[in-house]
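Just so we're aligned: 21 in the numbering used here is position 18 of the sequence shown, and the numbers increase by one with no gaps anywhere. Just below is one structure, and these are the notes that go with it.
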Amino acid sequence: MDLLYPPFLGALLDLQMECKLLGSPYKVYSGHRQFDEQRQLYYKYLDGGPKAAPPGLSAHNYGMAVDCALLLPDGKLSWLGEHYETLEKTAEKHGLVTGKAFGDRPHVQVPNYVTGTQLWPLKTVYNRTPGTELEKLKAVWNVVESR
Ligand SMILES: [Zn+2]
4 MDLLYPPFLG ALLDLQMECK LLGSPYKVYS GHRQFDEQRQ LYYKYLDGGP
54 KAAPPGLSAH NYGMAVDCAL LLPDGKLSWL GEHYETLEKT AEKHGLVTGK
104 AFGDRPHVQV PNYVTGTQLW PLKTVYNRTP GTELEKLKAV WNVVESR
């Protein structure tokens, strides 16, 4: 859960807590991704793997998305569609959106930065900011906060 946009992390923890109280504990298994990792996923997608955006055009690249699965009583994770209903019903209340609309049910993220067109300006900010990954992310988060 490192390198997540702090307001997103807060909303996500609240969402997870409410879902847990409703009997559906969700575990995050993927969060922030560097561009290199996104590139690998994108190449796998082009080879027939699970859907993935090109590097810089996924909210994961800016710590503003996670993927989660239902934690079953035996400690295993479930990706069954029916197990995402509580998440989907509860996300909006916490100001978050899920990937249900585009067939990516484990995906939860901040609104307004979903499509490539919406994410493109953030990619520009990221690429033109020198420094560490965290410094680049902070420059992106400043832009998100100022809108
Ligand atoms: Zn995702």
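In this text, a Cβ means the ideal position worked out from N, Cα and C, and glycines have one as well. The model shown is predicted, which means the values in this text are computed figures rather than measured ones.
How far does the beta strand (DSSP E) with residue i in it reach, from first residue to last?
i	result
K103	Neither: K103 is in no beta strand (DSSP E) and is coded neither H nor E.
H32	Looking at the sequence provided, one finds Tyr at residue 32 rather than His. Counting along the chain, the beta strand (DSSP E) containing Y32 begins and ends at 29-33.
With burial defined as no fewer than 16 other Cβ atoms inside 10 Å of the residue's Cβ, what is the status of residue i: buried or exposed?
i	result
Y87	buried
S81	exposed
T127	exposed
S149	exposed
P76	exposed
Can you find the residues in the same chain that come closer than 8 Å, C-beta to C-beta, to residue i, ignoring five residues on each side of it along the sequence?
i	result
K103	Y87, E91
N130	G59
Ends of the alpha helix (DSSP H) at residue i?
i	result
L137	136-148
Using alpha carbons as the reference points, say which of the options lies closest to residue i.
i	options	result
T93	K79, Y29, P10	Y29
A56	P133, A72, D39	D39
L99	P124, G13, G106	G13
Can you give me the Cβ contacts of residue i inside the same chain, cut-off strictly under 7 Å, excluding the 5 residues immediately before and after it?
i	result
Y48	K54, A55
> Mind pulling the alpha helix (DSSP H) runs of 4 or more residues that sit fully within the region 52-125?
Replying inline: Listed in chain order, they are 88-94.
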